[in-house]
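Working notes, beginning with the structure itself.
Numbering (this note's numbering), first residue to last: 10 to 283.
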């Protein structure tokens, strides 16, 4: 029986299986929506990944990831733009709903976070014509402030939406509960995103207490402190009814379990906790 409203980000089982096997496991449990990562697509080849997607009627709620725009020099920034254009082309070939952008942190040697954020806005503006021509929406994913230096200098939904307003049509946001649940202004910013029609993706997992590793110790839904149903209610009130995409990095727990068990648990927790 098909599981409506649930997508599996393939990072959730990245250590257990590759693209083709992950697709088979999802299909066996009634899941027809996925979100792969570019390295997973590259490992099997873009053409084969496209064939698998099309032959199985899969929906891609996103492709991960573009971004990482800031760099210490013009050559580095241009290389980032070229890579983002390739990511846009891959997204278009796969028919992804959006290309998720993890925007990047401070350039090497820099302490100027404001300049890094300007580089992000400039970089998105530079690749936006290519994305518009390809029909690929760009989804800025604000990351928790703990990642501000090395992964993403855009850390709140409000900051992401400011960029959306500055650069114009074709850019929206991916709302990942792991990164935004703590924000006191979250409800207002989700409502703002709804008015802008800017919500492109909704990622779910949970925040464990204690969290032993900031990158690879995300929790399964229901095992932590995030009000998943409350945030989903805000997102639906803002007009977004797309799939909830499970994205779990879990080096010492879920990545060590059989992939079938992980997917089955995702389905059960989606139904009971989300």
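Glycine included, C-beta positions come from ideal geometry on N, C-alpha and C.
Asked                                                                                                                                                                 : Found
Looking only at its chain, what residues have a beta carbon closer than 8 Å to the beta carbon of residue 238, apart from the 5 residues adjacent to it on each side? : 282, 283
Where does residue 34 sit, in a helix, a strand or coil, going by DSSP?                                                                                               : helix
Here's the rule: buried if 16 or more other CB atoms are within 10 angstroms of the residue's CB, otherwise exposed. What is residue 253?                             : buried
Taking all protein chains shown into account, decide if residue 56 is buried (16 or more other Cβ within 10 angstroms of its Cβ) or exposed.                          : exposed
Within the continuous alpha helix (DSSP H) that includes residue 180, where are the two ends?                                                                         : Residue 180 -> not in any alpha helix (DSSP H); beta strand (DSSP E) instead, spanning 180-185.
Between the Cα of residue 105 and those of 153, 30, 84, 59, spot the shortest distance and give me the residue it belongs to.                                         : 59
So the alpha helix (DSSP H) residue 11 belongs to, where does it begin and stop?                                                                                      : From DSSP, residue 11 is part of no alpha helix (DSSP H); its letter is neither H nor E.
If I'm right that residue 8 touches residue 186 with Cβ under 8 Å, what's the distance once you round it to whole angstroms?                                          : Coverage of the chain is limited to positions 10 through 283, which leaves residue 8 absent and any answer about it impossible.
Which ranges does the alpha helix (DSSP H) cover as unbroken runs of at least 4 residues, wholly within the region 213-250, from first to last along the chain?       : 237-246
Among the residues of its own chain, which have a CB less than 7 Å from the CB of residue 278, if the five just before and after it don't count?                      : 229, 230, 231
Could you give the C-beta distance for residue 41 and residue 67, rounded to a whole number, given that I count them as a contact under 8 Å?                          : 6 Å
Using 8 Å as the threshold, is the region 114-129 in touch with the region 90-104, meaning 3 or more CB pairs across them?                                            : no
Where does residue 73 sit, in a helix, a strand or coil, going by DSSP?                                                                                               : strand
Have a look at residue 51 and residue 266 and give me their C-alpha separation to the nearest angstrom.                                                               : 24 Å
Give the DSSP-derived three-state secondary structure of residue 108 in the structure shown.                                                                          : strand
Alpha carbon to alpha carbon, how far is residue 24 from residue 197?                                                                                                 : 37 Å
What residue range is occupied by the uninterrupted alpha helix (DSSP H) comprising residue 152?                                                                      : First-last for residue 152: undefined, no H or E at that position.
Is the CB-CB distance between residue 72 and residue 44 below 8 Å?                                                                                                    : yes
Looking only at its chain, what residues have a beta carbon closer than 7 Å to the beta carbon of residue 100, apart from the 5 residues adjacent to it on each side? : 72, 108, 145
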